[in-house]
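Each residue of the sequence shown is one higher than the last, beginning at 2 in the numbering used here.
We put the beta carbon where it would ideally sit given N, CA and C, even for glycine.
First the structure, in the form of structure tokens, and then the observations on it.
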Amino acid sequence: MRRPRALALPRWAGRLAVRAAGLVTVMCCALAALLGVLVHVSVTNQTVGQARELALQRLARATDAFESGDALGPGAGLDPPGLPRPLRELAAAGDRGTMVADHDGRPTMWAAGPADRGRVLAVEVDYAQGERTIDGLDRAIVWSSAPAIGATVLVGAFAVTRVTRRLHATARVARRISAGDLDARVGDPRTKDPARPQDEVAAVAAALDSMAASLQGKLLAEQRFTADVAHELRTPLTGLHAAAELLPPGRPTELVRDRVAALRTLTEDLLEISRLDTGRERLEVGTERLGPLAERVVRASGTGTGVRIVRDVAVETDRRRLERVLGNLVANAHRHGRAPVELTVDGPRVTVRDHGDGYPEYLLAHGPQRFRTEGGAKGHGLGLTIALGQAEVLGARLEFANAPDGGAVATLTLPRTPPARGLLPDGAV
């Protein structure tokens with residue numbers, strides 16, 4: 002048995018909009034009920050008062066006629082059988098009073114007073130017209146309240162949704178900024194015109210735009226600084242490398258060459274990250290078969306990585322960038338994981354797995370972070386960052402996970418076609 006699908010609300014109809022609409026509805030219903038009760042009580046008192054006054058006037062005339070021995074007139078009589086008992090007891094005690102009660106199936110206003118020898122003189126006045134007036138008024142109140150409440154709810158919902166739409170637009174921009182699109186701005190028109198009233202939503206939008214602009218400026222300055230430093234380091238490092246090659250063989254020479262090579266690798270990585278940060282890397286697309294390409298990457302790495310080809314396919318991609326991604330994944334698996342390391346090609350999906358302790362929690366939650374490693378591991382933390390950046394240039398999806406039986410698993414899923422025009426969209430990181 003299929004479960005009924007829940008009612009899908011519009012994206013702007015979040016909890017705030019629903020609660021505000023509910024509050025408006027409750028307030029409208031309460032206000033309509035209060036006004037209806039007040040009108041009902043007022044009209045009822047007026048109608049009953051008029052009928053009571055008429056009944057008392059007729060009772061006074063009937064009393065005069067009874068005392069003068071004249072006929073009592075229609076609707077008047079001594080001890081009438083339909084007189085309500087409470088009113089009969091009141092009149093027998095020597096007081097006058099009125100009371101509405103049903104008599105022969107019709108609403109009747111009774112007025113009664115004392116007569117001689119303990120008898121009661123009473124007058125009845127037809128109250129059916131008054132009852133119909135009150136019933137008609139109640140129906141009019143109910144039927145007029147429904148469209149009034151509906152119209153008020155619609156107006157209130159429209160006003161609330163205008164605010165919630167602006168809040169959702171601000172939230173979308175904030176998510177785009179957090180995803181790396183530093184050019185995203187809310188652009189609320191109220192913030193551009195100082196003459197217009199500035200509400201709280203406009204203040205939040207202006208603060209978010211200001212924060213994004215400041216963050217973008219700082220990041221661009223940082224990227225320029227990193228690129229400039231890396232460029233400035235290339236020339237002296239090239240000279241150091243040439244000088245190190247001229248040193249006599251020995252352990253000190255090996256140490257110097259090793260450190261110079263590490264510095265050159267770091268500098269080249271920084272330059273590559275700087276180019277990726279600009280978001281304008283150009284693809285050189287060609288047709289490549291993933292199986293042979295994966296085997297070449299493993300041979301070039303000089304590691305004992307196993308290659309398993311489940312299903313080989315040809316893809317349209319940039320060979321150099323794809324080799325860079327797979328090479329970094331294999332190198333990271335050997336540096337931070339444990340053997341055996343296996344590279345698996347299954348159609349457009351390539352998986353690199355080791356059998357170490359797995360990826361740290363911060364990487365699974367937030368992705369690779371520059372210059373961050375854990376557990377005393379060697380390296381500067383740029384390998385996976387470059388792999389992720391190059392994968393985005395290729396239009397591929399690179400995911401990191403830990404295997405249930407231990408070990409880190411990196412999965413690269415290539416697209417059917419590379420990004421349009423071979424360019425990475427502006428703002429990607």
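(request) Would you identify the three-state DSSP class for G98, choosing helix, strand or coil? (result) strand
(request) Using three-state DSSP, classify V314 as helix, strand or coil. (result) V314 falls in the coil class under three-state DSSP.
(request) Buried or exposed for H367, please, with buried defined as at least 16 other CB atoms from any protein chain shown within 10 angstroms of its CB. (result) exposed
(message) Please report the distance separating the alpha-carbon of A63 from that of G74.
(response) 7 Å
(message) Can you tell me whether D213 is helix, strand or coil according to DSSP?
(response) Residue identity check: residue 213 is Ala in the sequence provided, not Asp. If DSSP states are grouped into helix, strand and coil, A213 belongs with the helices.
(request) Enumerate in chain order the residues of its own chain whose CB-to-CB distance from L364 is below 7 Å, with the five nearest sequence positions on each side excluded. (result) F401
(request) Could you spell out where the beta strand (DSSP E) holding D127 opens and where it closes? (result) V121 to D127
(request) Compute the Euclidean distance between the alpha carbons of P249 and R258, then round it to the nearest angstrom. (result) 11 Å
(request) Please report the Cβ distance between G76 and V121, rounded to the nearest whole angstrom; I am assuming they are in contact, meaning their Cβ atoms lie under 8 Å. (result) Not a contact, Cβ separation roughly 15 Å.
(message) Relative to the C-alpha of A147, which candidate in E223, A262 and A31 has its C-alpha closest?
(response) A31
(message) Here's the rule I'm using: 16 or more other beta-carbon atoms within 10 Å means buried, otherwise exposed. How should A9 be labelled?
(response) Note that A9 scores a pLDDT of 48, beneath 50, so its modelled location is shaky; the value from the coordinates is reported in the next line. Counting every other CB atom within 10 Å of its CB across the protein chains shown gives A9 a total below 16, marking it as exposed.
(request) Pull up the CB-CB distance for A52 and V126, whole angstroms please, since I reckon it's below 8 Å. (result) 6 Å
(message) Suppose you measure from the CA of F226 to the CA of R417; what does that come to, to the nearest Å?
(response) Using only the alpha carbons, I get a separation of about 37 Å.
(request) Answer with buried or exposed for V27, where buried requires no fewer than 16 other C-beta atoms within 10 angstroms of its C-beta. (result) exposed
(message) Does E233 pass the burial test, meaning 16 or more other C-beta atoms within 10 Å, or should it be called exposed?
(response) exposed
(request) Indicate the three-state DSSP secondary structure (helix, strand or coil) for G181 in the structure shown. (result) coil
(request) Using the DSSP secondary-structure output, state which residues sit across from G307 in a beta bridge. (result) E343
(request) Would you mind stating whether L323 and L344 have Cβ atoms separated by less than 8 Å? (result) For the pair L323 and L344, the CB atoms are not nearer than the 8 Å cut-off.
(message) Using a Cβ distance threshold of 8 Å, determine whether the segment 165 to 185 contacts the segment 198 to 214, with at least three qualifying pairs required.
(response) yes
(message) Please state whether the Cβ-Cβ distance between A149 and A33 is less than 8 Å.
(response) In this structure, the beta-carbon distance from A149 to A33 falls below 8 Å.
(message) Quick check: I387 and N333, are their CB atoms within less than 8 Å of each other?
(response) Their beta carbons are not under 8 Å apart, which means I387 does not touch N333 by this criterion.
(request) Pick out whichever of P405, R320, R354 and D355 has its Cα sitting closest to the Cα of L395. (result) R320
(message) Please classify E285 as buried or exposed, where buried requires at least 16 neighbouring CB atoms within 10 angstroms.
(response) exposed
(request) With a cut-off of 8 Å on the beta carbons, I'd call V298 and L327 a contact; round off their distance for me. (result) 5 Å
(message) Tell me the rounded alpha-carbon separation between L36 and N46.
(response) 15 Å
(message) What residue range does the beta strand (DSSP E) around V410 cover?
(response) A409 to T414
(message) Along the chain, where does the alpha helix (DSSP H) containing G78 start, and where does it finish?
(response) Run containing G78: none in the alpha helix (DSSP H); it sits in the beta strand (DSSP E), A77 to L79.
(message) Helix, strand or coil for V286? Go by DSSP, reduced to three states.
(response) coil
(request) Give the straight-line distance between the Cα atoms of D117 and L138, rounded to the nearest whole angstrom. (result) 42 Å
(request) Would you check if the distance between the CB atom of T414 and the CB atom of A397 is smaller than 8 Å? (result) yes
(message) Helix, strand or coil for G357? Go by DSSP, reduced to three states.
(response) coil
(request) Keeping to the same chain, check which residues put their C-beta closer than 7 Å to that of T318; ignore five residues upstream and five downstream. (result) Only residues of its own chain outside the window of five on either side were considered, and among them V286, E289, L395, L415 and P419 have a CB closer than 7 Å to the CB of T318, listed in chain order.
(message) Taking a contact to mean a Cβ-Cβ separation below 8 Å, would you say H356 touches R336 in this structure?
(response) no
(request) Identify which residue in D96, G408 and R133 has its Cα closest to the Cα of R107. (result) Nearest of D96, G408 and R133 to R107, Cα basis: R133.
(message) Going by DSSP, what residue range makes up the alpha helix (DSSP H) through L365?
(response) E362 to H367
(request) Using alpha carbons as the reference points, say which of D194, T162, Y128 and A244 lies closest to R20. (result) T162
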